[in-house]
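Working notes, beginning with the structure itself.
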Amino acid sequence: MAETRATYFCIDIECSGPVPALYDMISLGAVVVPPDDAGKLRIGETFYVELRPEAPRVDAGAMRVNGLDIEALRRDGVVRREALLSLTDWTRQHTRPGTKPVFVGHNAPFDWSFVAWCYAAEDLPNPYGYKALDTKALATGVLGIHWFDSSKEVLAERLNLPVEDLSLKHRADYDARYQAELLIKLLER
Numbered sequence: 022m023a024e025t026r027a028t029y030f031c032i033d034i035e036c037s038g039p040v041p042a043l044y045d046m047i048s049l050g051a052v053v054v055p056p057d058d059a060g061k062l063r064i065g066e067t068f069y070v071e072l073r074p075e076a077p078r079v080d081a082g083a084m085r086v087n088g089l090d091i092e093a094l095r096r097d098g099v100v101r102r103e104a105l106l107s108l109t110d111w112t113r114q115h116t117r118p119g120t121k122p123v124f125v126g127h128n129a130p131f132d133w134s135f136v137a138w139c140y141a142a143e144d145l146p147n148p149y150g151y152k153a154l155d156t157k158a159l160a161t162g163v164l165g166i167h168w169f170d171s172s173k174e175v176l177a178e179r180l181n182l183p184v185e186d187l188s189l190k191h192r193a194d195y196d197a198r199y200q201a202e203l204l205i206k207l208l209e210r
């Protein structure tokens, strides 16, 4: 399929708990998937940032999953507004002329909710707008599979992708890149 209307941005976040506002988005990775001159999608540049937490709660289970150090983030993390301005600038720079940026996530409702909330909290426009493309939902339609079979592990097998590197899994930039590979395989079908 030749794509000429969208520049896709595969985005993954890590957070300190299950919902925005009560918990923080503490890292964000993005990988641009632009069309080339022929409309073929390719994996492009990566963006990564670790953010300074501000929310009142931290879930120990979420922190075990992401492996980030909350105290180091409080000390060294990028202030949320600065992180968002950098993401917006990076998105503008990497959106191919004549296309619109599209937020893509694997379980996009989760990741998009944190990103959208952060933009709203900082009174900044969200460069991706109010919607997102979910690779889990896309996979159920493209592959004709049940929602419960839309995990990255199952999709990797069905799409003939390499197994995720467990030493890098849950690092937002790595997960975003893996999602970019999933997206391209799904859209090529």
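Just add 21 to wherever you are in the sequence shown, counting from 1, and you've got the numbering used here. Heads up, the beta-carbon is just placed ideally off N, CA and C, and yes, glycines get one too.
Segment limits, beta strand (DSSP E) that includes residue i
i, result
"Leu49", "Met46 to Val54"
CA nearest to the CA of residue i, picked from the options
i, options, result
"Ile47", "Glu35, Val54, Pro55 and Val40", "Glu35"
"Ala141", "Arg78, Ser37, Leu106 and Pro56", "Leu106"
"Ser37", "Gly150, Arg78 and Glu66", "Arg78"
"Val163", "Arg63, Ala104, Leu208 and Ala76", "Leu208"
"Pro146", "Arg102, Pro56 and Arg96", "Arg102"
"Leu49", "Pro118, Ala137 and Leu180", "Ala137"
"Arg198", "Phe135, Asn181 and Gly65", "Gly65"
Status (buried if at least 16 other CB within 10 Å, exposed otherwise) for residue i
i, result
"Phe30", "buried"
"Arg85", "exposed"
"Gln114", "exposed"
"Gly150", "exposed"
"Lys206", "buried"
Own chain partners of residue i with C-beta closer than 6 angstroms, once the 5 adjacent residues on each side are dropped
i, result
"Phe68", "Ala51 and Trp111"
"Thr109", "Pro148"
"Thr28", "Pro55, Thr116, Arg117, Thr120 and Pro122"
Whole-angstrom distance between residue j and residue i, CA atom to CA atom
i, j, result
"Asp16", "Glu174", "Any question about residue 16 goes unanswered here, given that the chain covers just 22 to 210."
"Asp45", "Leu89", "12 angstroms"
"Pro41", "Asn128", "15 angstroms"
"Ala59", "Thr25", "8 angstroms"
"Ala81", "Gly165", "37 angstroms"
"Leu176", "Phe169", "11 angstroms"
"Leu43", "Glu75", "9 angstroms"
"Ala193", "Asn87", "9 angstroms"
"Glu202", "Arg95", "32 angstroms"
"Ala83", "His191", "10 angstroms"
8 angstroms Cβ shell around residue i - same chain, five flanking residues per side excluded
i, result
"Gly126", "Cys31, Ile32, Asp33, Asp132, Trp133, Ala153, Leu154, Asp155, Thr156 and Gln200"
"Val100", "Leu72 and Arg73"
Residue span of the alpha helix (DSSP H) that contains residue i, given as start and end
i, result
"Pro130", "Ala129 to Ala142"
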